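Residue numbers (our numbering): 130 to 307.
What follows is a set of notes on a single structure, which appears directly below.
Below, the structure is given as structure tokens:
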């Protein structure tokens with residue numbers, strides 16, 4: 130499977146990725162860059178400059194997925210099992226190319242996924258699965274104490290910020306199913 134783009138006003142779809150493995154979870158930066166998850170034997174993150182076609186793979190020794198660009202394009206947040214459980218990591222970028230080492234953002238019980246950066250770049254919302262419960266949390270993008278946003282008997286996933294950062298939406302699953 131590959132990722133495609135299509136002009137908002139309609140037209141012919143254009144293939145953006147090679148389709149070398151399941152490609153999903155695209156994140157677009159205002160600068161015209163895209164990050165997405167791709168897998169062959171494990172999930173990695175690929176960075177693509179949509180204007181130039183430059184491709185860079187952000188791959189560690191483990192599985193990495195669910196990328197999200199910071200609003201200014203200077204970093205990407207993603208999920209990785211580099212430290213056994215799935216945690217959130219932040220990778221600084223320079224011109225859409227990894228720069229320096231990724232820093233671990235979360236270290237809490239369970240597994241984190243589906244990160245979403247707030248429009249002002251100060252917060253990252255994400256899903257945490259722990260003991261069969263799926264709830265949403267938010268953490269300062271620079272690191273610090275995570276705060277639980279939801280606590281209910283159904284899965285809450287796919288957080289998304291409002292454009293002004295004043296609110297967030299998420300998908301609510303049926304009660305009693307984690």
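We put the CB at the ideal spot given by N, CA and C, even for glycine.
These numbers come from a predicted model, not from an experiment.
For residue 212, the three-state DSSP class (helix, strand or coil): DSSP, reduced to helix, strand and coil, places residue 212 within a strand of the structure shown.
Nearest residue (CA-CA) to residue 210, options 277, 235, 252: Ranking the options by Cα distance to residue 210, first place goes to 235.
Residue from 224, 272, 241, 130 whose Cα sits closest to the Cα of residue 201: Selected option, being the one with the closest Cα: 224.
Beta-carbon proximity of residue 187 to residue 173, cut-off 8 Å: In contact: residue 187 and residue 173 (Cβ atoms closer than 8 Å).
Pick from 203, 191, 166, 145 that is closest to residue 181, judged by C-alpha positions: Relative to residue 181, the option among 203, 191, 166, 145 whose CA is nearest is 145.
Whether residue 290 touches residue 254 by CB criterion (8 Å): Yes. Within cutoff.
Where residue 163 falls: helix, strand or coil (DSSP): Shown here, residue 163 sits in a strand according to DSSP, grouped into three states.
Beta-carbon contacts of residue 249 that lie in its chain and below 6 Å, excluding the five residues immediately before and after: Cβ within range, chain order: 294.
Residue 275 versus residue 219 - alpha carbon distance: For residue 275 and residue 219, the gap between their C-alpha atoms comes out near 15 Å.
Presumed contact (8 Å Cβ cut-off) between residue 233 and residue 212, rounded CB distance: Yes, they are in contact, since the Cβ atoms of residue 233 and residue 212 sit about 7 Å apart, within 8 Å.
Buried versus exposed, by CB contacts within 10 Å (16 or more), residue 204: Under the 10 Å beta carbon count, residue 204 is surrounded by 16 or more other beta carbons and is classified as buried.
Exposure of residue 143, with buried meaning 16 or more beta-carbon neighbours within 10 Å: The residue in question, residue 143, is exposed, as its Cβ has fewer than 16 Cβ neighbours within 10 Å.
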